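Structure first, commentary second.
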Amino acid sequence: MAERLARILEVHADYGLQPIGFLDDGPGESLGLPVLGGIDELDHVLRNHRIDRIVIAFGNYRSSDLVRIIRRCEHAAVEMYVVPRFFELGLQGVPRDAEMVWGFPLVRLRRSTVRTGRRRVKRVFDSCVAGGLLLMTAPLFGVLALGVKISSPGPVYFRQRRIGMNGREVEILKFRSMHQNDESDTQWSVNDDARVTKIGHLMRKTSLDELPQLWNVFRGDMSLVGPRPERPHFVQRFSEEVDGYEDRHRVPVGLTGLAQVHGLRGDTSIEDRAWLDNQYIENWSAVSDLAILARTAGAIVRQARE
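Here the sequence shown stands for residues 274 to 579, numbered as in my numbering.
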């Protein structure tokens, strides 16, 4: 299919598209244009050739592999198109705004909405809201800090390295809810852990232990809404076990997220979390952020009443 489309573009130069080559994991000796590399070399090919557009036709690759590759290349200055499967049958799956090239429909892939311009707007919103909440909750900070200090020896704040946007490590803050220990970086679940203090139980139930992360949001380490950050030990493990897990790191991590408002906290499915986090990124809007924040606030109120 790709070869046929390439021949049409070469013959009909009036479409303004000059094919350069193919990406394919097969040998490709019989193709009329050179194979520039395998599909996992897409980002490398984009850097080394003057590519304006990518057309994705049918191929011997898994859809999940192609999704991962396109996500990693979405910041490249190229337009991406796909030839819909079964378009020859006249099925209703071809969008009306598809561009037709000699009978071939080319559907333009919409880029992720969380891109540079909108990310700046999101950042301004985060800073204003986090700064305002820090001022409003200052008395509560003092009460909780005193309670943590009285509950057990050790610092008021718990500091931990987490993986943020583009794999960069960030240090997040929490009110310390446990007696001091050295296992927090590699221990997955601490539900019903005997080391949790009395005030720690209260703070975890109401999510008040995460209140200091407003400072992380204010200084730009995190966003109010986004994929929750995870510890380096588990990021490495989940990246090897779960498809699409690394793709969560395309945007700033968040204080809350779409996975959390669906109840995916603690010892719950990592596959489902990665799926919902990536869906949030692909379909981001300011309205969705506001909805997630409202649902988070409602969940906190319900937990406090239980």
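Ideal Cβ placement from N, Cα and C applies to all residues, glycine included.
Predicted model only: the values in this text are computed from it and were never measured.
Listed in chain order, the non-local C-beta contacts of residue 424 below 6 Å within the same chain comprise 470 and 472, local neighbours out to five positions each way being set aside. Following the DSSP letters along the chain, one finds residue 430 in no alpha helix (DSSP H) but inside the beta strand (DSSP E) bounded by residues 430 to 436. If you look at residue 444, you'll find it in the beta strand (DSSP E) that goes 442 to 448. The Cβ neighbour count for residue 492, taken over all protein chains shown within 10 Å, is under 16; the residue is labelled exposed.
Within the same chain, Cβ atoms closer than 7 Å to the Cβ of residue 288 are found at 282 and 374, the five residues on either side in sequence being excluded.
Restricting attention to 330, 346 and 334, the CA atom closest to the CA of residue 324 is found in 346.
Bounds of the alpha helix (DSSP H) holding residue 511 are 505 to 514. Taking the Cβ atoms as the reference, residue 500 lies roughly 6 Å from residue 526, within the contact range of under 8 Å. If you compare the alpha carbons of 339, 330 and 327 with that of residue 517, the shortest gap goes to 339.
Distance from the CA atom of residue 275 to the CA atom of residue 482, rounded to whole angstroms, is 54 Å.
If you draw a straight line from the Cα of residue 427 to the Cα of residue 435, it comes to about 21 Å. Residue environment for residue 520: buried (at least 16 other C-beta atoms within 10 angstroms of its C-beta). Spatial neighbours of residue 431 in its own chain (CB-CB distance under 6 Å, excluding positions within 5 residues in sequence) are listed in chain order as 447 and 449. Under the three-state reduction of DSSP, residue 331 is assigned to coil, being neither helix nor strand. Of 498, 531 and 371, the smallest CA-CA separation from residue 355 is found for 371. Under the DSSP definition of a beta bridge, residue 569 lacks any partner.
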